[in-house]
RNA sequence: GGGAUCGUAGUUCAGUUGGUUAGAACGCCGGCCUGUCACGCCGGAGGUCGCGAGUUCGAGUCUCGUCGGUCCCGCCA
């Protein structure tokens, strides 16, 4: 490298006029005018136009060979552009660099796609050539934003007296929760480490150690199926505090969000954020992470049909089930086919069916309207406060939460297709009072809804044995526009209570000792009351960046089948490596 | 584990009822052009229609399987 950079491409402006500079970067574009040759040189700070004129014959001939994505350094003089050649679209559009010397640092093959934001490329090609996609301005900006959010996070927590402490990546496999990624041990043949699903137990032990306020921006790993907002490895802002209750944790996080939104989006959030119990969220929105930017709330209508002759409703109610309705004025004109499609979709997400009727001219018509008695119709019109025209969608199922969830799915889908969502809104709220436990049909036992270290509400303790599903947890989720961006709880800090919860989870004393003995023991050595929370960092960046997929904010993401297309991971390994690890691969 | 959808030139796509030599735009290559800036003009190259079977006189098009991308349900303490 002969020519050493003196300035960034994007920083040059009129004030540099007359200066001799060296700029380095990639050829974004070239324009050959026969007598004049232009290139736009790009680095991560921006673009600047370089002019080559035939006056220097040697230089001109070299320049004419330049092609897109060649890496070059150019020495030249910054010069104001002729008045008729200003470019208002370009930050550096008032000047250009008159080239005096060029060094081609590296040529480039023709890239599989152009390094320009407006070029549309399928995601598999982008992922295979991730370094080229990352070279485009949009992803560069996203990664810079991610960096800024990380810095703002550190700044906030440092300022609040939190200590950033690292925890192990080689940890212990635990029975509860997500599937672990396992790492075989060579020195302890036949045994395995697990990658952390979160640093949960470590951060609690840091509280026992007296660190009082801990945070960490940390990688976590979960071997579960992927989604557009779920990757097998992801980043959390992990937080834990001692001598606190819910108010301290929520208040601190509200302050954090307020500062972050102010800094990143220039938006003033109003605190405290509204709180909604899990029960209310399910009843009103059919989701524990409702998008409250629009209405379209659920209406429970089961009681209207106490003595109905309509078999479907009658059977559901006989099983103490749930009947709920959505009133959708915007879909009043839906055709038979549109409703059929909606019904099919409802089945595809696990619903048993979808009933409908329409309200028009002051009366119910179509769909199931003919099965309703006059009384039922009148009561329904009153309950749903019908006026004007509307499509009414009804879900009935013996399983209350499932029925509500299906309606919640419908609510979100309709809001999207009918464009009921105001994209300018920023709605944050807490969902609180989650059930501590839920029954797992698969495992035939209660499992922790959050995690097994979550403290039950003291006033519900007496139900732990008699009605476990009614016990509420001291847990909270932070919801932003229908996305769960954070969740946490006040933890159990006494061994006896922890053992009692383990018993409810049917984790025997022996198993508890083997899996969590270290934590149980730690709780006996003066564990302070503590609680915490963890943010999905990637999700947070995704939402603040206004993108639709977590893959857009992760530097090297995996595909939906957890494959790295660029480096081709996962891959097979040598027999020798396997032997050292005492591993025998089962051949298909 | 289940469902939906997509796969045609380097890229994004079109391709009729199954019928001649599979097209367009951008990119690429060559030529021309002294003020362009997603330059312009002229010319050119470029195809395992994801892969494999099947139906058919004939398959990019229909059927089955398979691989891959994306989305959803389950799963994700």
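In the numbering used here, the protein residues as written are 89 to 676. Glycine included, every Cβ here is placed at the ideal spot set by N, Cα and C. Bear in mind that the values here come from a model prediction, so they are computed numbers and not experimental data.
Cut-off 7 Å between Cβ atoms - residues of its own chain near residue i, not counting five sequence neighbours on either side
i, result
"residue 213", "200 and 201"
"residue 344", "244"
"residue 553", "none"
"residue 62", "The structure shown has nothing for residue 62, since the chain only spans 89 to 676."
"residue 182", "101, 102, 168, 169 and 174"
"residue 602", "none"
One or two residues paired with residue i in a DSSP bridge
i, result
"residue 307", "323"
"residue 576", "564 and 621"
"residue 363", "518"
"residue 388", "412"
"residue 536", "525"
"residue 444", "481"
"residue 126", "119 and 139"
"residue 270", "282"
"residue 451", "448"
"residue 652", "657"
"residue 259", "282"
"residue 168", "183"
"residue 542", "579"
Close-in-space but distant-in-sequence residues of the same chain around residue i (CB under 8 Å, 5 per side omitted)
i, result
"residue 654", "215, 216, 217, 218, 219 and 644"
"residue 500", "375, 379 and 570"
"residue 386", "371, 372, 373, 374, 412, 413, 414, 492, 495, 496 and 499"
"residue 557", "523, 525, 526, 527 and 534"
"residue 320", "269, 309, 310, 311, 312, 314, 646 and 650"
"residue 240", "347, 348, 351 and 352"
Cβ-based neighbour list, residue i, same chain, cut-off 6 Å, excluding 5 preceding and 5 following
i, result
"residue 94", "109 and 110"
"residue 290", "255"
"residue 452", "445 and 465"
"residue 575", "565"
"residue 600", "590"
"residue 327", "303, 620 and 621"
"residue 431", "442"
Coil, strand or helix - residue i by DSSP
i, result
"residue 592", "helix"
"residue 161", "strand"
"residue 265", "coil"
"residue 95", "coil"
"residue 137", "strand"
"residue 663", "helix"
"residue 221", "helix"
"residue 120", "strand"
"residue 185", "strand"
"residue 559", "coil"
"residue 571", "strand"
"residue 302", "strand"
"residue 423", "coil"
"residue 194", "strand"
"residue 110", "strand"
"residue 212", "helix"
"residue 295", "helix"
"residue 637", "coil"
"residue 345", "helix"
"residue 328", "strand"
Minimum C-alpha distance to residue i - residue among the options
i, options, result
"residue 469", "450, 455 and 487", "450"
"residue 302", "492, 325 and 310", "325"
"residue 330", "457, 614, 362 and 136", "614"
"residue 100", "192, 364, 358 and 130", "130"
"residue 560", "517, 424 and 549", "549"
"residue 388", "368, 382 and 377", "368"
"residue 382", "532, 128, 621 and 514", "514"
"residue 427", "454, 156, 122 and 407", "454"
"residue 168", "516, 105 and 424", "105"
"residue 237", "363, 194 and 349", "349"
"residue 633", "352, 152, 309 and 156", "352"
"residue 407", "568, 423 and 390", "390"
"residue 206", "191, 188 and 226", "226"
Can at least three beta-carbon pairs, one atom from the region 270 to 284 and one from the region 221 to 231, be found at a separation below 8 Å? no
Quick check: the region 109 to 127 against the region 156 to 163, are at least 3 beta-carbon pairs closer than 8 Å? yes
Inspect the CB distances between the region 409 to 428 and the region 501 to 516 and report whether three or more fall short of 8 Å. yes
Three Cβ pairs or more, each shorter than 8 Å: is that satisfied between the region 631 to 650 and the region 334 to 341? no
Three or more beta-carbon pairs under 8 Å between the region 481 to 488 and the region 425 to 443, yes or no? yes
Would you call the region 578 to 594 in contact with the region 520 to 533, where contact means no fewer than 3 C-beta pairs closer than 8 Å? yes
Counting pairs of Cβ atoms below 8 Å between the region 579 to 588 and the region 538 to 556, do you hit three or more? yes
Taking contact to mean at least 3 C-beta pairs separated by less than 8 Å, is the region 137 to 151 in contact with the region 116 to 126? yes
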